[in-house]
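Structure, rendered in structure tokens:
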């Protein structure tokens, strides 16, 4: 089974990376590097694909962020739940798909399936590497936005389906959630869907993270920084 | 009757949906099944029926654009007068009252008014947000009550719902809310990834069996689809004749055999558009040396036909071997005893005994040279496939 490298030397050396089918929740406060960490973990390495469900920034911004991080944009797809509300006439391409709003779970589910199908059929990009099933990193950039629009129970059911689907296609999922805006019940319910939780906090202007649920990692707090898509563990 | 816009489905339903019905299109997350609702809407508009579309999660412009982008231009939808209740109207309802009961009353009054103003024949409801706001029963009751209050007009209610709750939800609509038609649109990873199918779960006006029909979307429409039926059997049993007689378009790869007759050296292909179904037939070569390929042909097959020569008892042991291979795949299959128009044919009971097949496996005595016989076999197999539980 395929193993997804985290791109963080200290983690990959100890654990080998994330097993296919892993769903990772990143819990972090606003203004932390949690979102950059999520993108860094989603960035596809050669031979992989990335799909980002963007609920808080436009597709163009996501693509730019991945470009800055050094990702090959041919292997990055975005499902944009923001742009269509202001530009109803915008049309889908193979790698950029649009849903009417973050409330549209039907549309999000369909666009996700369509993009995955396109990758499976080898129609997503030139220069396919031929790995099967194709390794796919998936990111929801953030669950917090979805929770603002939809009830927790509904979103739980939706994420339950999505995380199960990701396991089935042997992908890896990265889900960002602002842990300061939601109560413990919400956090604990969402955690139930995940195999791995990365908590992020800021202390004295330094970002820190700890990883739980990844065999081989102790769960200690580690200082880190993210620059151009590269995560560095600080001493 | 209201057409679903999918002629194969209309035929299963007995020419469509009776007016005044309550219909649920239940979508499993991730299945591209929105075209079911859009097809029905498009057909209704083409017949000049007055339609109200309730879409609380999007605007009219975004909806029209989505429909056009996903499924091609729909002149009916662009030109015909349609009444919409969209996200902007929904925002007004949300602001109209602090309590869900007040908002439900406001929504019901608004829908009723629109139905009267526009003499609405069919209400199409995108149920997702309403279900969340009011709960399944209360949200459905808003529309059912409008349907009952305006009964003299025989309004039809069609709901599209993202089913996050599993099989209990359609059952609830059938048992407790007395829906007349429930169609579940689903996907599976068997027999291959992204395999979409719809299941006719319930019809109140006819005692129809539960049927599951795979589909693809092509040319902006739903196409019921059987991606692979394998036609196999011993050499010279008539497989190529069967495939070619069944197909609208076919390709035989028969070449002259060392024994003098014709034999299949690779695969025969046949493509059929039958009762709105797209069907692909794969005719395998009959010689034992190709047997190692058979499991992979059967791997993604949805049905299989085992053709045997009614005049050749020597073929039966080989037919038994092939029959066992098919049986292991647990897919619908039938035995086709070919050349039955000749003299000296084998007793069907003997064939069943030698092949060790139960009476549940259909056995047809036909001549593959007669297109009517071939069509009958295919029709029966498609019937079995659509009733098969994936």
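Chains as they are written, first to last, in the working numbering: chain A, 4 to 238; chain B, 216 to 605. All C-beta atoms, glycine included, are put in the ideal place defined by N, C-alpha and C. Predicted model only: the values in this text are computed from it and were never measured.
According to the DSSP secondary-structure assignment, residue 53 of chain A is paired through a beta bridge with A:79, A:140. Taken through DSSP and simplified to helix, strand or coil, residue 484 of chain B comes out as strand. Inclusion of residue 62 of chain A and residue 79 of chain A in the CB contact set at 7 Å is not warranted, their separation being larger than that value. Closer than 7 Å to the CB of residue 113 of chain A there is at least one CB belonging to chain B. In the three-state scheme derived from DSSP, where H, G and I count as helix and E and B as strand, residue 163 of chain A is classed as helix. For residue 106 of chain A, at least one C-beta of chain B is nearer than 7 Å to its own C-beta. The way I'd put it, the stretch 510–522 of chain B does touch the stretch 440–458 of chain B; three or more beta-carbon pairs between them come closer than 8 Å. Rounded to the nearest angstrom, the gap between the Cα atoms of residue 33 of chain A and residue 186 of chain A is 15 Å. Looking at the DSSP output, residue 553 of chain B sits in a beta bridge with B:524. Residue 273 of chain B and residue 384 of chain B have their alpha carbons spaced roughly 24 Å apart.
The alpha-carbon separation between residue 277 of chain B and residue 510 of chain B amounts to approximately 47 Å.
When DSSP states are grouped into helix, strand and coil, residue 375 of chain B belongs to the strand group. DSSP, reduced to helix, strand and coil, places residue 224 of chain A outside both helices and strands of the structure shown, so it counts as coil.
Residue-level contact by beta carbon holds for residue 245 of chain B and chain A, with a gap shorter than 7 Å. Taking all protein chains in view, the Cβ of residue 16 of chain A is surrounded by fewer than 16 other Cβ atoms within 10 Å, so the residue is classified as exposed. Linking residue 496 of chain B to residue 557 of chain B through their CA atoms gives a straight-line distance of about 26 Å. Annotation for residue 388 of chain B: the continuous alpha helix (DSSP H) segment containing it runs 383–390. Within the model, the alpha-carbon separation for residue 5 of chain A versus residue 567 of chain B is close to 47 Å. Contact fails between the stretch 122–136 of chain A and the stretch 316–324 of chain B, because fewer than three Cβ pairs, one in each stretch, are under 8 Å apart. Listed in chain order, the non-local C-beta contacts of residue 222 of chain A below 6 Å within the same chain comprise 213, 215, local neighbours out to five positions each way being set aside.
Of A:184, A:191, A:64, A:87, the smallest CA-CA separation from residue 281 of chain B is found for A:87. The Cβ-Cβ distance between residue 58 of chain A and residue 84 of chain A falls below 7 Å. Among the CB atoms of chain B, one or more fall inside 7 Å of the CB of residue 92 of chain A. For the stretch 376–405 of chain B, the set of positions with a beta-carbon nearer than 8 Å to some beta-carbon of chain A reads 377, 379, 380, 402, 404 in chain order.
In the three-state DSSP reduction, residue 110 of chain A falls in the helix class (H, G or I). Looking at the DSSP output, residue 429 of chain B sits in a beta bridge with B:412.
Between residue 102 of chain A and residue 111 of chain A, the C-beta gap is smaller than 7 Å, which places the two residues in contact.
Residue 486 of chain B has its alpha-carbon roughly 7 Å from the corresponding atom of residue 493 of chain B.
With its beta carbon less than 7 Å from one in chain B, residue 103 of chain A belongs to the interface.
DSSP places residue 249 of chain B in the helix class (H, G or I) of the three-state scheme. In this chain, residue 189 of chain A is not harboured by any beta strand (DSSP E); it is covered by the alpha helix (DSSP H) spanning 187–194. As the crow flies, the alpha-carbon of residue 553 of chain B is around 50 Å from that of residue 337 of chain B. DSSP places residue 346 of chain B inside the alpha helix (DSSP H), whose first and last residues are 343–349. Under the Cβ criterion of 7 Å, residue 148 of chain A is not counted among the residues facing chain B. Apart from sequence neighbours up to five positions away, the residues of its chain that approach residue 418 of chain B with a beta-carbon distance below 6 Å are 396, ordered along the chain. Residue-level contact check: residue 87 of chain A touches chain B, since one or more beta carbons of chain B fall below 7 Å from its beta carbon.
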